[in-house]
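**Student:** Using our numbering, read the sequence shown as starting at 176 and increasing by one per residue. Think of the CB as a built atom: it goes at the ideal place given N, C-alpha and C, for glycine as much as any other residue. Can you keep this structure in mind? I'll have questions shortly.
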Amino acid sequence: MMDNLRAASNHVVLKIILGLIILSFVLTGVGDFLIGGNGDYAAKVNGQEISRAQLERAFASERGRQQQMLGDQFSQLAGNEGYLQQMRQQALSQLVDEVLLDQYAKELKLGISDEQIKQAIFTQPAFQTDGKFDNTKYLSLIGNMGFSADQYAEALRKQLTTQQLVTAIAGTDFMLGSESDSLAALVSQQRLVRTATIDVNQLAAKQQVSDEESKNYYQQNQNSFMAPEQFRVSYIKLDAANMQESASDSEIQSWYDEHKADYGQPQRNRYSIIQTKTEAEAQAIVDELKKGGDFAALAKAKSADPISARKGGDMGWLEPSTTPDELKEANLTSKGQLSGVIKSSVGFLVVRLDDIQPDQVKPLTEVRDAIADKVKQEKGIDAYYKLQQKVSDAASNDNESLASAEEAAGVKAVETGWFSRDNLPAELNFKPVQDAIFNGGLIGENGAPGSNSDIITVEGDRAFIVRVSAHKAEAVKPYAEVQAQIVDTIKHNKAEKQAKADADKIIAELKAGKEDAFKAAGLSFGEVKTLTRNGQDAITQAAFALPQPAKDKAVYGVSEDMQGNVVLLSLDKVQAGTMPEQQKQAMVKGITQNNAQIAFEALLSNLRKEAKIKYGNAAQQ
């Protein structure tokens, strides 16, 4: 039992048993078992053919599932022919498994009754409306899948028979009560531990490092002391939002006259309708209305559209963009005008034009402030682009500095401090600016200032001219700059080595019943701590790796804490813990399901080994 547990520990519970779920299984190609193939088949399993159509349907279903699951990432993966080929192979492999399971179920004479088929259909949510079986919906859905009722029932019978086989296999594994009790005791076990810590930092303070050791470490580890490439940049920033402009009365009036359509509302009509299933019913309603019948009462009593019927046929106000074509084509132009019978996509309609609201435009006084803001914004952007061109020309004509560009822009350039590729200043943190600085085109020779950039536009109507005013190439830091760091590192390395050696010596003596080295190091074990298997820290893991101690005799070991100190362990006692019954049952259920998965996979493997499987042209393509 325990061997099976260890073998199954990395498996997902039955992998939802190859996705054997009613309806979804049918949608991925079960129905094609009912369809004969031609010579261009995908595979033959013990003489039973898997057609090309079945493979294509299964592949398309898997492709659609992955596209929905992965979203935009799927487009990149789908460009890889190897990825699609693997997906196709998986689809075919699953189809082969389905046939093998179906054949094996027949050998065992497993069967599904007509009553079970009926119940499976009646309880499917996809075939229900408001929680009740909907026969019209059922026939429509299976019809869209290409099935008659008999064909669907037969396909469902195959699927349920295979599911019956899977359920039987999943129920074969169990654990004895003694086994589950032993496993629960092992999982909930507690270990009582005391610890003593050798402080590595204290040992490091006592270490000595010679100049020769330090310089040798520097020579051997120069890659650890690299100073990254450094930049210093001067830049001019232009921002359209900072360019304030005014808006005159004439400019506001001109904008209003040119954009009146933006401040208007088109003509709206209000209609009422009565919807019928037949033309005769619609004509009868027209005749009754012409005799003075009440439209709203007839709509509530006879309209097939439940939404408008509750409102006496009222459709509410409709603009041209939201008016159905059938209503437009009725050509109703005056209030109260009644249509004849109108054929539509939902049956037949009788329509009445109830009211007309002519188009209208908001007066300038109502929208003046909003238009003024738009005029100011447009003028500001126009001035911004003109200034942008002026500054760009100045920076190009005087490439030795930003002085001319500063004069054109009317602002002083800003100079940054030193920065590397990893810490670009926030004010320059735009991809186009970053590319211009780091592509090398603006860097001068031997750290000297480089040339001016072209105008660099970024989002939000902003633009930059940048100039690399100084540059330092990547280089090894001077020894003097890193000497203190090197000395600390060597001291710490020596202290770690000494701490581990001291720990090994102390543990050896403790195991021999001596405490001389332990006391000489000024160590003592602390309070007893109760550790459980849930702990993921190094000390807990080391404690549970130690053998169980004999009565009144500790077992010793070595670990380290989160600070890198060496920790001596004294395992004094192992005791049983407790596990709630609900947790215990969940653990047993998980184990039995994992073991059932192993049995199921073994069955499939054996069926494949014994089967005669021949792949056709469709699979090879």
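State the start and end residues of the unbroken beta strand (DSSP E) segment that holds T372.
**Tutor:** On the sequence shown, position 197 is the one that residue 372 refers to. Counting along the chain, the beta strand (DSSP E) containing T372 begins and ends at Q365 to I373.
**Student:** Distance, Cα to Cα, Y790 vs Y216?
**Tutor:** As a position in the sequence shown, residue 790 is number 615, starting the count at 1. As a position in the sequence shown, residue 216 is number 41, starting the count at 1. Each residue's Cα considered, the two are about 8 Å apart.
**Student:** Please report the distance separating the alpha-carbon of P607 from that of V643.
**Tutor:** Translated into positions along the sequence shown, residue 607 becomes position 432. Translated into positions along the sequence shown, residue 643 becomes position 468. Those two C-alpha atoms are separated by around 15 Å.
**Student:** Can you list, in chain order, the residues of its chain with a C-beta nearer than 7 Å to that of L599? Leave out the 5 residues immediately preceding and following it.
**Tutor:** Taking the first residue of the sequence shown as position 1, residue 599 is located at position 424. Result list for L599: Q609, in chain order.
**Student:** If you follow the beta strand (DSSP E) that A707 is part of, which residue opens it and which one closes it?
**Tutor:** Start at 1 with the first residue of the sequence shown, and residue 707 comes out as number 532. The identity of residue 707 in the sequence shown is Thr, whereas the question assumes Ala. Start and end: K704 to T707.
**Student:** Let me confirm a value: S250 is counted as buried when at least 16 other C-beta atoms fall within 10 Å, else exposed. Which label applies?
**Tutor:** Counting from 1 along the sequence shown, the entry for residue 250 is found at position 75. It is exposed - the Cβ of S250 has fewer than 16 other Cβ atoms within 10 Å.
**Student:** With a cut-off of 9 Å, does the C-beta of Q229 fall near any C-beta of chain D?
**Tutor:** Among the protein chains of the structure shown there is no chain D, as only one such chain exists.
**Student:** Secondary structure at I618, three-state DSSP: helix, strand or coil?
**Tutor:** As a working mapping, residue 618 is identified with position 443 in the sequence shown. I618 falls in the coil class under three-state DSSP.
**Student:** Taking just the CA atoms, how far does L316 sit from F308?
**Tutor:** Counted from its first residue, the sequence shown places residue 308 at position 133. Counted from its first residue, the sequence shown places residue 316 at position 141. Rounded to the nearest angstrom, the two C-alpha atoms are 13 Å apart.
**Student:** Using 9 Å as the threshold, is the C-beta distance between D534 and S571 below it?
**Tutor:** In the sequence shown, counting from the first residue as 1, residue 534 sits at position 359. In the sequence shown, counting from the first residue as 1, residue 571 sits at position 396. Their beta carbons are not under 9 Å apart, which means D534 does not touch S571 by this criterion.
**Student:** Would you kindly check if the distance between the Cβ of A720 and the Cβ of G732 is under 9 Å?
**Tutor:** Looking up residue 732 in the sequence shown gives position 557. Looking up residue 720 in the sequence shown gives position 545. Closer than 9 Å, so yes.
**Student:** Would you give the residue range spanned by the beta strand (DSSP E) that M320 belongs to?
**Tutor:** The residue given as residue 320 occupies position 145 in the sequence shown. Run containing M320: none; DSSP gives neither H nor E here.
**Student:** Taking the continuous alpha helix (DSSP H) assigned at W430, which residues delimit it?
**Tutor:** For the purposes of this step, residue 430 is identified with residue 255 of the sequence shown, where counting begins at 1. Here the alpha helix (DSSP H) through W430 covers D424 to E433.
**Student:** I'd like the list of long-range same chain contacts for L340, defined as Cβ closer than 8 Å, with 5 residues on each side in sequence excluded.
**Tutor:** Here residue 340 is taken as the residue at index 165 of the sequence shown, counted from 1. Same-chain partners within the cutoff: L276, Y279, A280, L283 and L285.
**Student:** Looking only at DSSP bridge pairs, what is G439 linked to?
**Tutor:** Against the sequence shown, residue 439 aligns to sequence position 264. According to DSSP, which records beta bridges pairwise, G439 is partnered with V536.
**Student:** Give the single residue among E404, A436, K787 and D597 whose Cα lies nearest to the Cα of N621.
**Tutor:** On the sequence shown, position 446 is the one that residue 621 refers to. Checking every option, the nearest Cα to that of N621 belongs to E404.
**Student:** For E649, which option in A402, L539, Q382 and E504 has the closest C-alpha, if you only look at C-alpha atoms?
**Tutor:** Residue mapping note: residue 649 aligns to position 474 of the sequence shown, counting from 1. Ranking the options by Cα distance to E649, first place goes to A402.
**Student:** Can you give, in chain order, each stretch of the alpha helix (DSSP H) that sits fully within the region 543-604 and has at least 4 residues?
**Tutor:** Counting whole runs of 4 or more residues, the region 543-604 contains the alpha helix (DSSP H) stretches 578-584.
**Student:** Would V536 and Y446 be called neighbours here (beta carbons separated by less than 9 Å)?
**Tutor:** Along the sequence shown, one-based indexing puts residue 536 at 361. Along the sequence shown, one-based indexing puts residue 446 at 271. It is not a contact, given that the beta carbons lie outside the stated cut-off.
**Student:** Taking the alpha-carbon positions, what's the N614 to D573 distance?
**Tutor:** Taking the sequence shown and counting its residues from 1, one reaches residue 614 at position 439. Taking the sequence shown and counting its residues from 1, one reaches residue 573 at position 398. Each residue's Cα considered, the two are about 21 Å apart.
**Student:** Closest to V375 by CA distance: which of V633, A670, G585 and Q264 is it?
**Tutor:** Within the sequence shown, residue 375 is the residue found at index 200, counting from 1. Taking only the C-alpha atoms, the option nearest V375 is A670.
**Student:** Which one or two residues does DSSP pair with R807 in a beta bridge?
**Tutor:** With the chain covering 176 to 796 only, the question about residue 807 has no answer from this structure.
**Student:** DSSP state of F308, grouped into three classes?
**Tutor:** Counting from 1 along the sequence shown, the entry for residue 308 is found at position 133. Residue state, collapsed to three classes: strand.
**Student:** Excluding the 5 residues preceding and the 5 following Q750 in the sequence, name in chain order all residues of the same chain whose CB lies nearer than 6 Å to its CB.
**Tutor:** The residue you call residue 750 lines up with position 575 of the sequence shown. Q365.
**Student:** Is G206 helix, strand or coil by DSSP?
**Tutor:** To locate residue 206, count along the sequence shown from 1; it is residue 31. For G206, the predicted structure reports a pLDDT of 37, less than 50, and the residue's modelled location is therefore unreliable. A value from the coordinates is still provided. In this structure, G206 counts as helix in the three-state DSSP scheme.
**Student:** Measuring only the C-alpha atoms, how far is V662 from Y559?
**Tutor:** Translated into positions along the sequence shown, residue 662 becomes position 487. Translated into positions along the sequence shown, residue 559 becomes position 384. Using only the alpha carbons, I get a separation of about 57 Å.
**Student:** If distances are taken between C-alpha atoms only, which option among A623, V641, F302 and K726 comes closest to A611?
**Tutor:** Numbered from its first residue, the sequence shown carries residue 611 at position 436. Checked all of A623, V641, F302 and K726; the closest Cα to A611 is V641.
**Student:** On the DSSP letters alone, give me the boundaries of the beta strand (DSSP E) that Q291 sits inside.
**Tutor:** Start at 1 with the first residue of the sequence shown, and residue 291 comes out as number 116. Unbroken run through Q291 is the alpha helix (DSSP H), D289 to F297; no beta strand (DSSP E).
**Student:** Consult DSSP for V741 and reduce its assignment to one of helix, strand or coil.
**Tutor:** Residue numbering aside, residue 741 sits at position 566 when the sequence shown is read from its first letter. Strand at V741.
**Student:** How close, in whole Å, do the beta carbons of G522 and T451 come, if the pair is a contact with beta carbons under 8 Å?
**Tutor:** The count along the sequence shown starts at 1 and reaches residue 522 at position 347. The count along the sequence shown starts at 1 and reaches residue 451 at position 276. Yes, G522 and T451 are in contact; Cβ-Cβ is about 6 Å, under 8 Å.
**Student:** Any idea which residues DSSP pairs Q224 with across the strands?
**Tutor:** Here residue 224 refers to the residue found at position 49 when the sequence shown is read from its first residue. Correcting the residue identity first, residue 224 is Glu in this sequence and not Gln. In DSSP, E224 forms a bridge with K219.
**Student:** Looking at C-alpha atoms only, which residue of E602, I681, K704 and A687 is the closest neighbour of G697?
**Tutor:** Stepping through the sequence shown from its first residue, residue 697 is reached at position 522. When only C-alpha atoms are compared, the closest one is I681.
**Student:** Specify the secondary structure class of F682 as computed by DSSP and reduced to three states.
**Tutor:** The residue labelled residue 682 in the question sits at position 507 within the sequence shown. Per the sequence shown, the amino acid found at residue 682 is Ile instead of Phe. Of the three classes helix, strand and coil, the one that applies to I682 here is helix, per DSSP.
**Student:** Might you give, ordered along the chain, the residues of its own chain that have their beta carbon closer than 6 Å to the beta carbon of R443, omitting 5 neighbours on each side?
**Tutor:** As a first step, residue 443 is located in the sequence shown; it is residue number 268 there, counting from the start. So the list reads W492, E494 and Q532, once near-sequence residues are dropped.
**Student:** Check this for me: beta carbons of K565 and A583, under 9 Å apart or not?
**Tutor:** The sequence position of residue 565 within the sequence shown is 390, counting from 1. The sequence position of residue 583 within the sequence shown is 408, counting from 1. It is a contact, given that the beta carbons lie within the stated cut-off.
**Student:** Flag this pair as touching only if the region 252-272 and the region 228-238 have three or more C-beta atom pairs under 8 Å; answer yes or no.
**Tutor:** These segments touch.
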